[in-house]
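For reference, the structure is listed below as structure tokens.
Numbering (this note's numbering), first residue to last: 794 to 857.
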């Protein structure tokens with residue numbers, strides 16, 4: 794009877810030790826990687842300058 798008790802304790806100890814090896818302790822997850830900064834949207838193009846009344850009747854200069 795004593796041998797059976799000692800054998801049961803030994804088997805339980807081996808089982809507990811093997812499960813401790815097979816299931817490691819949970820480690821905290823690493824912090825998330827920093828996200829790249831989102832570039833700011835390009836500013837809206839400026840409104841065209843108002844046409845000077847003195848230039849309104851002159852033809853546009855030809856492009857070179």
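For glycine and all other residues, C-beta sits at the position ideal for the given N, C-alpha and C.
Bear in mind the structure is a predicted one, so any value in this text is a computation, not a measurement.
- Residue 806 and residue 795 have their alpha carbons spaced roughly 17 Å apart.
- Straight-line measurement puts the Cα of residue 820 at about 43 Å from the Cα of residue 835.
- Here residue 831 carries a coil assignment [DSSP, helix/strand/coil].
- Here residue 810 carries a helix assignment [DSSP, helix/strand/coil].
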